[in-house]
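These protein sequence lines are chains Y and U, in that order.
Under my numbering, the final residue of the first sequence carries the number 323; numbering is consecutive throughout.
Under my numbering, the final residue of the second sequence carries the number 576; numbering is consecutive throughout.
Working notes, beginning with the structure itself.
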Amino acid sequence: MKPLDHSRMPESPGASAPIISVSGLSKTYASGFQALRSIDLEIRRGEIFALLGPNGAGKTTLISIICGIVNPSTGTVTADGHDIVGDYRPARTKIGLVPQELTTDAFESVWATVSFSRGLFGKPANPAYIEKILKDLSLWEKKDTKIMALSGGMKRRVMIAKALSHEPKILFLDEPTAGVDVELRRDMWNMVRGLRESGVTIILTTHYIEEAEEMADRIGVINKGEIVLVEDKHTLMQKLGKKQLTLHLQSPLTALPPDLQSEHLQLSADGADLVYTFDTQSEETGIATLLRRLNEHGIDFKDLRTSESSLEDIFVSLVRGRS
Amino acid sequence: MNIYGIKAIYLFEMARTWRTIMQSIASPVLSTSLYFIVFGTAIGSRMASIDGVSYGAFIVPGLIMLSLLTESISNASFGIYMPKFTGTIYELLSAPISAIETVIGYVGAAATKSVIIGTIILITARLFVDFSIEHPVWMIAFLVLTSVTFSLFGFIIGVWADSFQKLQIVPLMIVTPLAFLGGSFYSINMLPPFWQKIALFNPVVYLVSGFRWSFYGVADVDVGISLGMTFLFMLACLAAIWWIFRTGYKIKN
């Protein structure tokens with residue numbers, strides 16, 4: 001008998017339903033601090049969702065509630081159709097969490113701690129699977145090493161291995177690359193992509209915008225306990241992304257020639273720079289025309305550079321706009 | 324029922340025991356041996372027998388109880404305190420495991436270790452003094468019941484404590500005095516009548532008395548009452564644990 005090939009099975013009716021559905025979720029801590037204010041959020045099956053927000057925005061609280069570490073004040077969350085409170089066993093079995101802090105045991109071996117996690121999540125031992133995870137995360141050599149003897153980056157890998165040990169369908173990565181070197185970050189991005197290909201839904205929080213830019217399918221921005229926006233990454237970049245051409249002039253101008261004046265072209269305060277803003281998406285950027293006409297006016301420039309508004313600029317403008 | 328989860332916690336905790344085998348086993352055995360040398364052999368040889376039992380033999384059940392209480396509390400409290408301290412408790416909280424299953428794992432492991440230590444002390448004691456066990460089944464029952472009950476109590480302390488100091492303070496300031504005053508080294512009948520009444524408020528009196536009865540058939544209080552009081556204390560601990568998990572007290576914020 002051939003093993004079932006899940007990828008070829010007809011999609012179940014619920015397959016297009018969101019894998020995580022958060023509605024009306026609020027959290028007020030005992031101190032009176034309101035960390036979340038009536039959050040509504042849906043995570044699609046199989047996507048990489050990046051949750052962006054400044055420190056203290058409520059990212060970790062939101063994740064902690066979904067994973068069962070913090071009790072919600074009001075509202076509901078379902079994970080793969082299971083209520084996270086009333087039906088917590090199937091809900092939590094589907095979720096893996098890599099928390100922000102490097103919290104590991106000290107005296108256990110890598111192998112023991114990862115096996116422990118699998119058992120804790122109700123799965124029978126499966127040495128072959130644990131071996132695969134450790135190999136994928138370049139931890140196989142270290143399997144018998146005590147965790148306290150590992151470097152920070154290695155500990156981070158151990159925490160990911162623990163989160164994956166019970167074969168979750170949903171993986172939360174809370175600031176996965178904070179304080180991680182370039183190599184590990186690249187490894188981690190590759191791993192995350194690999195997981196998505198195998199059908200795992202990934203939710204990552206980050207304040208490295210480039211990470212969201214690089215990885216995410218959709219982006220949610222959270223600020224002061226509220227979801228400011230949720231948007232497809234490309235749509236977001238298109239909608240809010242702008243490109244600028246800055247020309248550093250040979251000799252400063254006091255004013256723009258009248259026929260060059262437009263809302264797109266601005267002269268810097270000292271008159272030394274001309275800044276031309278254009279839409280990244282349009283076919284006709286107008287750069288060629290601009291340069292030709294500058295030439296006609298005898299305006300020379302000695303240097304030029306272009307810059308694209310990054311997700312970071314978009315993010316900053318969104319968060320500022322709200323505060 | 325998350326059997327694999329219980330097993331994982333239990334084996335994890337037992338692994339900690341084997342890893343620290345020297346301080347886990349050697350230190351209670353050493354301290355008990357010292358008690359036997361000082362109280363049993365040196366002082367005991369000049370003491371009259373109590374209720375027809377030689378003094379050396381008389382203190383055996385009390386000494387085992389003393390170790391059971393302190394070991395159960397320290398093991399169970401440490402077991403749950405460490406994940407809180409290091410932060411690894413996040414995993415326990417996010418796992419599909421119920422409060423009861425968590426308690427079975429931690430308390431089961433702590434109690435197992437206590438029973439092992441109790442047995443080793445019993446064997447060690449045999450090297451110093453001659454004694455017999457009249458009701459072996461009851462002896463085992465008391466051994467297990469006490470280990471479980473005080474491991475539950477230790478679990479509560481481990482949840483309550485938010486510093487290593489607090490972790491030590493209850494065993495040191497409350498349990499040790501109670502154990503010493505609970506008739507480990509004497510029969511409470513030897514106390515003046517007033518202090519005998521006071522002693523009856525000490526839960527350890529019932530444990531030691533019941534345990535000693537299983538050895539020699541003599542007791543300070545009726546064995547039924549001893550058993551009843553132990554169960555009562557166990558129920559109180561279970562109620563406290565139920566409340567802890569229901570409210571998330573000091574575990575979830």
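Glycine included, each C-beta is placed from N, C-alpha and C at the ideal position.
1. Could you check if residue 2 of chain Y is buried or exposed, using at least 16 other CB atoms within 10 Å of its CB as the buried criterion?
2. Exposed or buried, residue 348 of chain Y, counting other C-beta atoms within 10 Å across all chains shown (16 or more means buried)?
3. Rounding to the nearest angstrom, what Cα-Cα distance links residue 316 of chain Y and residue 45 of chain Y in this structure?
4. So, is the C-beta of residue 362 of chain U closer than 7 angstroms to a C-beta in chain Y?
5. 7 angstroms is my cut-off, CB to CB: does residue 409 of chain U come that close to chain Y?
6. Where DSSP assigns a beta bridge to residue 301 of chain Y, which residues make up the other side?
7. Taking only beta-carbon positions, decide if residue 101 of chain Y is within less than 7 angstroms of chain U.
8. For residue 297 of chain Y, does the count of other Cβ atoms within 10 angstroms reach 16, so buried, or fall short, so exposed?
9. Sorted by chain position, which residues of the same chain lie with C-beta nearer than 8 angstroms to residue 149 of chain Y's C-beta, five sequence neighbours on each side aside?
10. Residues of chain Y with a CB under 9 angstroms from the CB of residue 420 of chain U: which are they?
11. Looking at residue 73 of chain Y and residue 26 of chain Y, is the spacing between their C-beta atoms short of 7 angstroms?
12. What residue range does the alpha helix (DSSP H) around residue 89 of chain Y cover?
13. With DSSP run on the structure shown, which of helix, strand or coil describes residue 156 of chain Y?
14. Below 6 angstroms CB to CB, which residues in the same chain sit around residue 454 of chain U once its five sequence neighbours on both sides are set aside?
15. Mind checking residue 429 of chain U: buried by the 16 CB within 10 Å criterion, or exposed?
16. What residues in the stretch 535–560 of chain U have a beta carbon less than 7 angstroms from any beta carbon of chain Y?
17. Would you mind working out which of U:436, U:404, U:333 sits nearest residue 573 of chain U, comparing C-alpha positions?
18. Residue 162 of chain Y versus chain U: which residues are under 9 angstroms apart at the beta carbon?
19. Look at the alpha carbon of residue 70 of chain Y and the alpha carbon of residue 61 of chain Y, and state the distance between them as a whole number of angstroms.
20. Applying the 10 Å Cβ sphere with the 16-neighbour rule, what's the burial state of residue 234 of chain Y?
21. How big is the Cα-Cα spacing for residue 75 of chain Y and residue 356 of chain U?
22. Here's the rule: buried if 16 or more other CB atoms are within 10 angstroms of the residue's CB, otherwise exposed. What is residue 95 of chain Y?
23. Using a C-beta cutoff of 7 angstroms, does residue 75 of chain Y count as contacting chain U?
24. Please confirm whether residue 333 of chain U has its beta-carbon closer than 7 angstroms to some beta-carbon of chain Y.
On the basis of the supplied data:
1. Locating residue 2 of chain Y in the first sequence gives position 2, where the first residue counts as 1. Annotation note: pLDDT 42 at residue 2 of chain Y (below 50); position unreliable, coordinate value reported separately. Classification for residue 2 of chain Y: exposed.
2. Lying outside 1 to 323, the shown extent of chain Y, residue 348 of chain Y is not represented and no answer is given.
3. Here residue 316 of chain Y refers to the residue found at position 316 of the first sequence. Here residue 45 of chain Y refers to the residue found at position 45 of the first sequence. In a straight line, the C-alpha of residue 316 of chain Y is about 28 angstroms away from that of residue 45 of chain Y.
4. As a first step, residue 362 of chain U is located in the second sequence; it is residue number 39 there, counting from the start. Not closer than 7 angstroms to any Cβ of chain Y, the Cβ of residue 362 of chain U fails to qualify, so no.
5. The residue you call residue 409 of chain U lines up with position 86 of the second sequence. Cβ-Cβ to chain Y under 7 angstroms: yes for residue 409 of chain U.
6. The residue you call residue 301 of chain Y lines up with position 301 of the first sequence. Residue 301 of chain Y is bridged to Y:249.
7. By one-based count along the first sequence, residue 101 of chain Y stands at place 101. It does; some Cβ of chain U falls within 7 angstroms.
8. Within the first sequence, numbered from 1, the residue matching residue 297 of chain Y stands at position 297. Exposed, because fewer than 16 other Cβ atoms sit within 10 Å of the Cβ of residue 297 of chain Y.
9. By one-based count along the first sequence, residue 149 of chain Y stands at place 149. Once the five neighbours on either side are set aside, residue 149 of chain Y has no close Cβ partner at all.
10. Walking along the second sequence from the start, residue 420 of chain U turns up at place 97. Under the 9 angstroms cutoff, chain Y gives 89, 92, 120, 121, 122.
11. On the first sequence, position 26 is the one that residue 26 of chain Y refers to. On the first sequence, position 73 is the one that residue 73 of chain Y refers to. It is a contact, given that the beta carbons lie within the stated cut-off.
12. Position 89 of the first sequence, counted from the start, is the residue given in the question as residue 89 of chain Y. Here the alpha helix (DSSP H) through residue 89 of chain Y covers 88–93.
13. Residue mapping note: residue 156 of chain Y aligns to position 156 of the first sequence, counting from 1. Three-state DSSP puts residue 156 of chain Y in a helix.
14. As a position in the second sequence, residue 454 of chain U is number 131, starting the count at 1. The residues are 380, 383.
15. By one-based count along the second sequence, residue 429 of chain U stands at place 106. The residue is buried, with at least 16 neighbouring Cβ atoms inside 10 Å.
16. none
17. Taking the second sequence and counting its residues from 1, the one referred to as residue 573 of chain U is at position 250. The candidate whose alpha carbon is nearest that of residue 573 of chain U is U:404.
18. The residue you call residue 162 of chain Y lines up with position 162 of the first sequence. Within chain U, the residues near residue 162 of chain Y are 414.
19. For the purposes of this step, residue 70 of chain Y is identified with residue 70 of the first sequence, where counting begins at 1. For the purposes of this step, residue 61 of chain Y is identified with residue 61 of the first sequence, where counting begins at 1. So the alpha carbons of these two residues sit roughly 7 angstroms apart.
20. What you label residue 234 of chain Y is simply residue 234 of the first sequence in a count that begins at 1. Classification for residue 234 of chain Y: exposed.
21. Residue 75 of chain Y sits at position 75 when you count from the first residue of the first sequence. Residue 356 of chain U sits at position 33 when you count from the first residue of the second sequence. Those two C-alpha atoms are separated by around 59 angstroms.
22. On the first sequence, residue 95 of chain Y is found 95 positions in, with the first residue counted as 1. It is buried - the Cβ of residue 95 of chain Y has at least 16 other Cβ atoms within 10 Å.
23. Here residue 75 of chain Y is taken as the residue at index 75 of the first sequence, counted from 1. Not an interface residue.
24. Locating residue 333 of chain U in the second sequence gives position 10, counting from the first residue. No, because no Cβ of chain Y sits closer than 7 angstroms to the Cβ of residue 333 of chain U.
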